[in-house]
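Position 60 of the sequence shown, counted from 1, bears residue number 59 in numbering that gives the first Met the number 0, the numbering being contiguous throughout. C-beta atoms are modelled at their ideal positions from N, C-alpha and C, and glycine is treated no differently. For reference, the structure is listed below as structure tokens.
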Amino acid sequence: MNSYLLFLFLCFFFFIQCKAKSENKETIKDLSAAKELSQNNDLPSDFLEFYKKFHEDSLYQLARIDFPLEGLPDNADPEFIGNEKYYWSADQWILNKAKFDDKKLYEVQYSNLANVIIEETITIKEYDLKIIRRFSKSGDGWKLIYYAGVNKYVSQ
């Protein structure tokens, strides 16, 4: 009986240690990604905090979007991109949780306009498809103000 309890205790201890190591690796990965964003793109620290929470907390994300949200749907016809207005409604919104930190698959670029508007362009390299998001800072913090889904954009 004692050896059985010892075995259970060791299994439990091993499980807790593995879980803690896994969580530490994720935290380190998130921190290094945020640090890389900040260093390479000169993004404000309050935006980085917002960005992390925006992708982790679904209620926070929905609260930081004023619907109807201007943008484009996924797979819009390239000939009509820019000619027609499209608005996302809350009931058709798909939560943004994807991480685009794999540099082999994605290229992410940021345009920072006076730390008030930040445009993020995510390129899926294999297919040359893009997602464009614009964030704006106002008195009550950062918000998503524009979302263009996965599309093939024509260079002008």
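* Asked: Looking only at DSSP bridge pairs, what is ILE123 linked to?
  -> TYR105, LEU128
* Work out the CA separation of TYR86 and ASP45 for me, nearest whole Å. => 27 Å
* Could you check how far apart the C-beta atoms of TYR146 and ARG132 are, in whole angstroms? I think they sit under 8 Å. => 5 Å
* Asked: Quick one: what's SER135 bridged to in DSSP?
  -> ILE116, LYS142
* Asked: First and last residue of the alpha helix (DSSP H) that includes TYR50?
  -> 44 to 55
* How would you label ASP139, buried or exposed, when you count the other beta carbons within 10 angstroms and need 16 or more for buried? -> Taking all protein chains in view, the Cβ of ASP139 is surrounded by fewer than 16 other Cβ atoms within 10 Å, so the residue is classified as exposed.
* **Residues sharing a beta bridge with ILE64, DSSP** => For ILE64, which the question treats as bridged, DSSP gives the partners LEU143.
* Using only alpha-carbon positions, find the residue among LYS102, LYS142, ASN114, VAL153 that is nearest to GLU125. => LYS102
* Asked: Can you round the beta-carbon distance between ASN95 and LEU128 to whole angstroms, since I take them to be within the 8 Å contact cut?
  -> With a Cβ gap of about 16 Å, ASN95 and LEU128 do not count as contacting.
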